[in-house]
Amino acid sequence: MIIVMKPNTKEEHINSIIKRIENAGLKIDKSVGVDYTVIGVVGDTGKIDRELISSLPGVSKILKVQEPFKRANRAFKKEDTIV
0 MIIVMKPNTK EEHINSIIKR IENAGLKIDK SVGVDYTVIG VVGDTGKIDR ELISSLPGVS
60 KILKVQEPFK RANRAFKKED TIV
């Protein structure tokens, strides 16, 4: 699952969402870009109420990812990775 935050979302709102996810026993990958902050959720996302999360302040949209290599997906990280 990928949670895309609205531009200029307060850090306290982002941290609140991260805390909810971690309290559900899931891991997060937070990526801060120029315009957006994206929170990648790793684990059984069925433990999370998507409607509740999408109604929280600062949430732009939630994307469900069902393909392999979630962390390398362009929906999660727009920028190129340089190795």
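Using numbering that gives the first Met the number 0, the letters of the sequence shown correspond one by one to residues 0 to 82. Even for Gly, the Cβ is constructed at its ideal location relative to N, Cα and C. Note that the structure is a prediction, hence the values are computed from the model and not measured.
Here's the rule: buried if 16 or more other CB atoms are within 10 angstroms of the residue's CB, otherwise exposed. What is G45? exposed
Alpha carbon of S53 to alpha carbon of V40, nearest angstrom: 14 Å
Could you give the distance in angstroms between the alpha-carbon of I47 and the alpha-carbon of G57? 17 Å
Cβ atoms of M0 and K63: under 8 Å apart, would you say? yes
Just curious, the beta strand (DSSP E) that L62 is in, first and last residue? V58 to L62
Checking the sheet assignment: what are the DSSP bridge partners for I2? I38 and I61
Which residues mark the beginning and the end of the alpha helix (DSSP H) in which I13 is found? E10 to N22
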